[in-house]
Structure formats: structure tokens, C-alpha cells
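Numbering (our numbering) for the sequence shown: 48 to 394. First comes the structure, then the notes that go with it.
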Amino acid sequence: MEHTQYKQNKPNLTAEQQDQITAAAQILREGGTVAFPTETVYGLGADVTNPDAINKIYQIKQRPIDHPLIVHIGDASHLDTWAQAIPDSAWQLASHFWPGPLTLILQRSRRIPDSVTGGQDTVGLRIPAHPVALALLEALGPEKSLAAPSANRFGRISPTTAAHVQEELGAAVDMILDGGACEVGLESTIISFHDQSPQILRPGGITLSALESVLDSPVLLAHNTSQTIRTSGSLLAHYAPATPLKIYSTKHLWNRALALTAQGLRVLIITWSDIGQSQPSNQSIEQFSMPADPITYGQQLYAKLRQFDQAAFDYMIIEAPPEHPSWLAITDRLQRASYNPFDNKQN
Ligand code: TXA
Ligand code: MG
């Protein structure tokens, strides 16, 4: 199945990496913050049981304190240390997809402080499938776990390399562990079990159909309602570059770009189909082709958005992804990245 590619064998790290992980674990025990790689995006980690360390995460990210953090654990057998009243379906998903890009929202245990959950009685938990993250959790030991949101400022694009974290958070973080480019490139799928019925709060690395086939029952997809608003990734505007970004269907893409160039604007068109090949060249338009499959598209998306954001375009125009369910997480992130609350008032 699709998820198996994220499963990692026992960490196989160099002696130098092991030394860095030992140092990182010490920083975390002393209440510091460490950015570390996961298979999805880089996380900004702190000791879950240390409220002062957790506060540092909120300060560094400039994140509102009512937006809860995901807790990363090293082994599924630790799950009931951090959560309670765990439904069978959650155990089933954990044993199937962990380590991997799936976050389970469960009732929290008393070991999870209010500061981690924004006062909610639930907590998000996952085992990341990255050898560096797993080695760090192992070095911390079974009594500890890592609260870690994505290592970016609130509302901005998640980092998928150590260099992205360095650029965005730099000296604010005590240590950055470099584990290369993230394999998935989009955040984990978040699933809740409200009233026993599994519901996706954020589409991500594990697809809806993969979840349904393991549970052998339907999984709902939450829309932006008051139920999901506590998921910061569910805010309408999120994951955003500074350059305005618009999504248009393949059919309208080029005309919209031309209309902008007529106003003297420099436009980047980001496609996945071969639509660009049949268009006349235009000095104010540049075109970039993304991969036409969702896995590689997802791996590259955030890094490309960061790169394009620095390239002084007035507008980025993105071709709407295919409507196939395997593109759901990408469509979700692009919609939030392109959301502009003033759109309805303009024109
Ligand atoms: O792939 C990922 O999930 C990455 C890596 C680092 O693990 N983490 C990540 O964290 O994306 P963050 O904080 O950027 O996004 C986590 C989302 C937030 O939108 C948060 O509101 C939501 O998870 N969340 C956390 N705990 C929750 C809870 N108890 N109920 C509902 N949503 C929750
Ligand atoms: Mg985030």
C-alpha cells in the first residue's frame, strides 16, 4: 500500500549524527528547543512535560496559544502514557501506519499539560518516520515525548529542509538537526474519533482511501466548521507565501495571467499539465512545470513556493490540481495558501 514507503528501518546514523542527537536530547532535557526532520516537514521540538519549553515554541512561532501542538512519540506502546480511552480504530490505524504521516486526535492523559493542547481535552499524537526523529526520541527515553509544530512562523510555509528552518527561525532555535529534504513534503493527515466516527481534520501524507481500506469503513472529511477551527492548519488562510497566489483551472490559466500582465505585472505560472507548451511566449510571464503525480508534486511544493517567493514576481498563478482524491492534501494547501479575505471586496 501507499504508506509502506514511509516506514523506516532501525536508524542507521553516522557517529557524528549520533553525537548531535545526544547533544540535542540534552538541550531538550534542559528545557531548550530543537528543530528536527520528520518525513513530512521539519518540526520545532520541546519537552512535552516542560511548560516553559512549550511556551518558547509559541513565542518563536508567534503562534496563538489556543492552537494545540502535535506530540511525537517513539513507540506505539507509549500511546497510553499520553492518551486515554483510545478507540480500537485508533489502535488499528497506529499499528498500520506508524511510524508515518498520520496524527491521531485522542483524549489526553494527565501527563499532557494544558499548554500543549491549548486547554482542550484532546491531544494529537504521532510517530514520525524519520531515522533522526526516531533516534532523538529514543535518546530522550520512554518517559519523554516531543511537542513539535512545523518549524515555521505561524501561517507561513512549512520547512522541508534544514536550510529553510535556518532562514526562517535561525538563532531563535537552540539547535537544528539536519536530516536532508523531507520525503513527503506535506504535513501529516490529522484524524479525530469524535463520537467513535473517524474524521479527517487535515488531509495529508496518508490518503482517505488508505485509511478507509484499513478500517474497512467510511472516513469523513471535515469541512471548515467550528469543529475544526482549533486545527490551525484549518484556518482559511495558512501555509502562505508573501507573493499573492491564485489558483485557476487549466482552461482559464493563461488568460488570467495575460490579464495581469496587461496591468504591467510580472507573473509566474505554475503548471502540472502540458498546457504551457501550446502558449505563445510573453516577456512578463514565466512558466514552471511541476510533476504531474501527487507524490512528487507534494515533495517539492513548499520548497518551490519558498524559492518563487524570493524571485520578485508580482503574482503566482497555479493550475488547479486534478480532482482525483490523491491530490486532496495538495489542493487543500494551495487553497489556504491562496486565500485572500479581501478578494470578495475587490472587483
Ligand atoms: O506533519 C506534521 O504533522 C508536522 C510534523 C512536524 O509532525 N507537524 C505539524 O504541526 O504540522 P503543526 O502544529 O504545524 O500543525 C498541527 C495541527 C495544527 O493545525 C493543530 O491545531 C492541530 O494539528 N492539532 C493539534 N492538536 C490538536 C487537537 N487536540 N485537536 C485538533 N487539532 C489539533
Ligand atoms: Mg504548521
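Here a beta-carbon is modelled for each residue, glycine too, at the ideal position from N, C-alpha and C. As the structure is a computational prediction, the values presented were derived from the model and not from experiment.
Under 9 Å between C-beta atoms of residue i and residue j
i           : j           : result
residue 174 : residue 120 : yes
residue 176 : residue 85  : yes
residue 265 : residue 319 : no
residue 118 : residue 79  : no
residue 232 : residue 64  : no
residue 93  : residue 194 : yes
residue 89  : residue 212 : yes
residue 198 : residue 215 : yes
residue 222 : residue 70  : yes
residue 148 : residue 235 : yes
residue 158 : residue 128 : yes
residue 115 : residue 169 : yes
residue 325 : residue 308 : no
residue 470 : residue 286 : It is not possible to answer for residue 470, since the shown part of the chain is limited to 48 through 394.
residue 200 : residue 108 : yes
residue 262 : residue 136 : yes
residue 379 : residue 196 : no
Chain-order list of residues whose beta-carbon lies under 7 Å from that of residue i (same chain, five-residue window excluded)
i           : result
residue 132 : 154
residue 105 : 112
residue 269 : 246, 247, 248, 275
residue 272 : With a pLDDT of 41 at residue 272, under the threshold of 50, the predicted position of this residue should be treated as unreliable, and no value is reported.
residue 74  : 81, 221, 222
residue 373 : 254, 341
residue 48  : For residue 48, the pLDDT reaches just 39, beneath the cut-off of 50, and the residue's location in the model is therefore unreliable, although a value from the coordinates is still provided. Within the same chain, residue 48 has close Cβ partners 257.
Residue i, DSSP secondary structure in three states
i           : result
residue 216 : coil
residue 293 : strand
residue 379 : helix
residue 119 : strand
residue 242 : helix
residue 316 : strand
residue 159 : coil
residue 63  : helix
residue 340 : coil
residue 81  : strand
residue 333 : strand
residue 349 : helix
residue 171 : strand
residue 180 : helix
residue 105 : helix
residue 74  : helix
residue 234 : coil
residue 200 : coil
residue 277 : Residue placement at residue 277 is flagged as unreliable, the pLDDT there being 49, under the threshold of 50; a coordinate-derived value is accordingly withheld.
residue 249 : strand
Same chain, Cβ closer than 6 Å to residue i, five either side skipped, listed in chain order
i           : result
residue 360 : 290, 313, 315
residue 300 : 366
residue 209 : 223, 225
residue 160 : 98
residue 100 : 78, 93, 94
residue 338 : 344
residue 267 : 246
Neighbourhood of residue i by C-beta distance below 8 Å, restricted to the same chain and skipping five residues each side
i           : result
residue 60  : 68, 178, 179, 182
residue 391 : Low per-residue confidence applies at residue 391: pLDDT is 44, beneath 50, and the placement is therefore not dependable enough to give any value.
residue 377 : 233, 341, 344, 345, 348, 368
residue 303 : 293, 295, 364
residue 322 : 297, 300, 301, 366
residue 355 : 288, 290, 315, 317, 335, 363
residue 25  : The first residue shown for the chain is 48 and the last is 394, placing residue 25 beyond what the model contains.
Legend entry - Segment contact flag, the segment 291-300 with the segment 377-386, C-beta cutoff 8 Å, min 3 pairs: yes
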